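Chains as they are written, first to last, in this note's numbering: chain R, 1 to 308; chain D, 309 to 817; chain C, 818 to 921. Positions of the beta carbon are idealized from the N, C-alpha and C atoms, including for glycine. Nothing here was measured: the structure is a model prediction, and the numbers come from that model. Some notes on the structure that comes next.
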């Protein structure tokens, strides 16, 4: 990873800022969302340039992919009148000028803070990489997510779970009119779905020693599910099997934590000899759950008579 | 069990109960919820005993020392908040068990207007709503609160805040489509607050290379980064805590939600923001010579007390009135912050005790009041204050509970609210903050006006017969819970001494 | 100018833009886009910061990376719930704007 600036970086930064502004200011929300998705993909490139490939994978799959799909789906359901907005949505009025000034002021203060930071900066690189041998994996980001700061990740899985619970609480939505049958879609599915499953499994496995992991794999699986849904609509109501699937990751993570506490080590303390296996166990359960959750966020659920 | 074991139990029990509730489905969720409340309360009591005996309890999650890992710490302040959440939360759970079970039977609904789908032009049915989902969501919210109070790591606090925020929004959504706008507003503001908070955390990490609260307290110096971080984090928390003038999302959200949800939100969820502001300004930045922050918060608190009181007076319906009362009561908590800082000298400990006692009394009294509102709604079919005539005779338990809760909120003896306000005024007098004293007294007067106006309806004769002819009954068991919580608010008058001793645990020299 | 500084400054610009849009936009979906761009800016500052702390093998500080990954997942979860609420509000009220933003 180079620390000097290439021409590519300058172009990337300019594009990012420009696309970001277009996404916010385009009067046509459909265009805005498409620009936002491209913005997300360019953002992944930025993460790669900054030496964060795990984040890049997650951004592409979740930040641009899943979020983009959700935004487009919502626009479709809002319809023409729902998606209409003013011609200059971010135009300056006297009232807004005050807010604009405040934002610029904040930016100025942030720039000053950033410039005042010390030249040499260690961060937590030292401790994190030193303990890597005891963490059970050799990818430092996976070690941080699943071992050093596993409690954060456990709660994060809880956040995902809550999102789908919230969706189930809201009432059933009327279905969109089915699209015209598309022969290409069937063919694409037959090729892409197995590929998605294999690559997701690979991402999960390789996350231990290279960029990848449960979240990225889950997003890929969910993408496969969304493709299926586009061809043959799915629904994920709050029936017992679906509930078990969405809670599995959280439950396994919590269960392992409590088991470690009960058998001497401490909550979420993995003995170095078993750490790798435990992390893989947690990540597998998490990947399956998160995939179902993400798919559920996209397809919605029907609560109906479910809940038994 | 050791203190550390109790701490882990406090963190893990609500989360485990949430898993059980979700798996149990419609039939078993309430049972999981009640069992979880019981076990969770036992865990907190165990932890409190350990803290009183052995001082601050600390557990390193995963065995990794901060700042690489996350430390959970239970000091006096955290333990007091945990106790408040567990006890009042259990009361709310008991009420909810009966409330959600009975709703299907009586068919009562709580939307301000009959819900209807604009496009379809026909009224929605409310019986399909998955009310049982209250249990897993509430248990996750409780788990988030516990994790928040115990957390010793700034980024971990962000994650717990998000968990809490989403859970609260999901709970508001239980009210149905009419509450969607209020819930959406709450969510957008919560997201904005979180982003500002993270920005602040980032600046602190960049400047001091740690996320751990204790380490930051030792390392932080007055600097542009620290100041900007403090401002950003405080603004983010102010948005999430509904402090005047950023409070506007709270009354619609708390007013529209079902009674146990309003109770949980007003009594417990908003306290998390106050706790974090206290942690930030009394602990993290407590050693710095920054007076402006706490003083500004105190000024905003004064504004909240007066504005919330005036707005509550103007409400025609009971639940929005109670919601505005929450805005006002949160103001008292903020008023205590500058008085509890290191600048106030010997009065500091008294001010902190006042704040926590007020928070706990408010939690009990406000929960009781919202639950009373739920019973009144069930009995009358509406919550228009002017038309709630004669509820003293129809619902004597509710009327008694309402009266006791009102006493505590106004701050009349012999309630916890009285002792709390007394301590607060005493601290203000010692600090020479006469304006603050005036505001507290004015606020109490305003509370008395709108609460006793509502209470006076109890003694009025007659009252319009409920629509439809049949006389709906509000079930007795939930009213007993309202009464119990109101009695708790009264009983808290006695805990001033032990509370001060608890809060003294773990205070940094 | 180092890589970290360039992307850090870009992140700050995104923060300002996203914050402005989130506060000023009237259509809820646009507010959400603003919040997401704000988030992108906040995360970019973090990752830029992390890229300054490399060890001898050139590996950066993993803790900010973990923070950003968590942040992305949390932000998308919240966005998903917000979109569901938006759809619900639109079906019920007929508008995709919050009540205080709608034309009287």
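Taking C-beta pairs closer than 8 Å, name the residues in chain D that residue 241 of chain R reaches, listed in chain order.
-> Identification of chain D residues near residue 241 of chain R by a Cβ-Cβ cut-off of 8 Å yields none; the smallest Cβ-Cβ distance measures about 11 Å.
Beta-carbon gap between residue 547 of chain D and residue 497 of chain D smaller than 7 Å = Cβ atoms of residue 547 of chain D and residue 497 of chain D: closer than 7 Å.
Around the Cβ of residue 324 of chain D, are there at least 16 other Cβ atoms within 10 angstroms (buried) or fewer (exposed)?
-> Burial call: buried.
Within the 7 Å Cβ cut-off, does residue 834 of chain C reach chain R?
-> Closer than 7 Å: yes.
Element boundaries [beta strand (DSSP E), containing residue 523 of chain D] | That residue, residue 523 of chain D, is in no beta strand (DSSP E); its alpha helix (DSSP H) goes 521-527.
In angstroms with no decimal places, state the Cα-to-Cα distance between residue 800 of chain D and residue 392 of chain D.
-> A direct Cα-Cα distance of roughly 11 Å separates residue 800 of chain D from residue 392 of chain D.
Does residue 669 of chain D come within less than 7 Å of chain R when only Cβ atoms are used?
-> Residue 669 of chain D is outside the set of residues whose beta carbon lies under 7 Å from a beta carbon in chain R.
In the DSSP assignment, what residue or residues form a beta bridge with residue 379 of chain D?
-> D:368, per the DSSP bridge assignment.
How many Å lie between residue 240 of chain R and residue 487 of chain D at the Cα?
-> Roughly 28 Å between the two C-alpha positions.
Roughly how many whole angstroms lie between the Cα atoms of residue 830 of chain C and residue 465 of chain D?
-> Computed Cα separation, rounded: 26 Å.
With a CB to CB cut of under 7 Å and the five nearest residues on each side skipped, what residues in its chain are close to residue 733 of chain D?
-> Cβ within range, chain order: 745, 748.
Other residues of its chain near residue 854 of chain C: CB distance less than 8 Å, five sequence neighbours each side excluded = Closer than 8 Å at the Cβ level, and outside the excluded window around residue 854 of chain C, lie 831, 834, 835, 838.
Min CB distance residue 827 of chain C to chain R below 7 Å | Nearest CB-CB separation between residue 827 of chain C and chain R: below the 7 Å threshold.
What is the rounded straight-line gap between the Cα of residue 870 of chain C and the Cα of residue 10 of chain R?
-> Going by the C-alpha atoms only, they are around 22 Å apart.
State the start and end residues of the unbroken alpha helix (DSSP H) segment that holds residue 233 of chain R.
-> The continuous stretches of alpha helix (DSSP H) do not include residue 233 of chain R, and DSSP gives it neither H nor E.
If contact means a Cβ-Cβ distance below 9 Å, which residues of the stretch 74-98 of chain R contact chain E?
-> The chain labelled as chain E is not found among the protein chains of the depicted structure, namely R, D and C.
Beta-carbon proximity list for residue 332 of chain D, same chain, < 6 Å, skipping 5 on both sides | Within the same chain, 340 come within 6 Å of residue 332 of chain D by CB-CB distance, once the 5 residues on both sides are set aside.
Contact set between residue 891 of chain C and chain D, taken where Cβ atoms lie within less than 9 Å | Close partners of residue 891 of chain C in chain D (Cβ separation under 9 Å): 466, 467, 470, 471, 474, 502.
With 7 Å set as the bound, which would you pick, yes or no: does the beta-carbon of residue 419 of chain D sit closer than that to a beta-carbon of chain C?
-> Below a pLDDT of 50, predicted positions are generally treated as unreliable, and residue 419 of chain D, at 39, falls in that range; the measurement from the model is reported next regardless. No, no contact with chain C.
Does the Cβ-Cβ distance between residue 402 of chain D and residue 352 of chain D come in under 7 Å?
-> In terms of Cβ geometry, residue 402 of chain D and residue 352 of chain D do not form a close pair [threshold 7 Å].
Answer with yes or no whether the minimum CB distance from residue 159 of chain R to chain D is below 7 Å.
-> Chain D contact via Cβ: present.
Does the stretch 87-97 of chain R touch the stretch 911-920 of chain C, meaning 3 or more C-beta pairs lie closer than 8 Å?
-> With the cut-off at 8 Å, the stretch 911-920 of chain C and the stretch 87-97 of chain R do not touch.
When the cut-off is 7 Å and only beta carbons count, does residue 884 of chain C lie next to chain D?
-> True, the Cβ-Cβ gap to chain D drops below 7 Å.
Any chain R beta carbon closer than 7 Å to residue 378 of chain D = So yes, residue 378 of chain D belongs to the interface.
In or out: residue 633 of chain D buried (at least 16 other Cβ within 10 Å) or exposed?
-> Burial check for residue 633 of chain D: the Cβ neighbour count within 10 Å reaches 16 or more, so the residue is buried.
Assigned exposure category for residue 327 of chain D - 16 Cβ within 10 Å defines buried | Buried is the call here.
Listing by chain order, which chain R residues have their CB less than 9 Å from the CB of residue 861 of chain C?
-> Neighbours of residue 861 of chain C on chain R, chain order: 16, 43, 46, 47, 50.
Does DSSP put residue 669 of chain D in a helix, a strand or coil?
-> For residue 669 of chain D, the three-state secondary structure derived from DSSP is helix.
Taking only beta carbons into account, state which residues of the stretch 868-881 of chain C come closer than 8 Å to chain D, listed in chain order.
-> Correct list: 880, 881.
For the alpha helix (DSSP H) containing residue 309 of chain D, list its first residue and its last residue.
-> In the DSSP assignment, residue 309 of chain D falls outside any alpha helix (DSSP H), carrying neither H nor E.
Which residues, in order along the stretch 502-526 of chain D, keep a beta-carbon less than 7 Å from a beta-carbon of chain C?
-> Sequence-ordered contacts of the stretch 502-526 of chain D with chain C read 503, 506, 507, 510, 514 [C-beta pairs closer than 7 Å].
For a contact meaning CB atoms closer than 7 Å, what does residue 156 of chain R contact in chain D?
-> Simply 467.
Please list, in chain order, all residues of the same chain as residue 451 of chain D whose beta carbon is under 7 Å from its beta carbon, the five residues on each side excluded.
-> Excluding positions up to five away in sequence, the list reads 322, 323, 326.
Helix, strand or coil for residue 291 of chain R per DSSP?
-> In the structure shown, residue 291 of chain R sits in a helix (DSSP, three-state: H, G or I).
Taking the alpha-carbon positions, what's the residue 283 of chain R to residue 659 of chain D distance?
-> Distance between residue 283 of chain R and residue 659 of chain D, taken at the CA atoms: about 47 Å.
Simplified DSSP state of residue 517 of chain D, which is helix, strand or coil | Note: residue 517 of chain D maps to coil in three-state DSSP.
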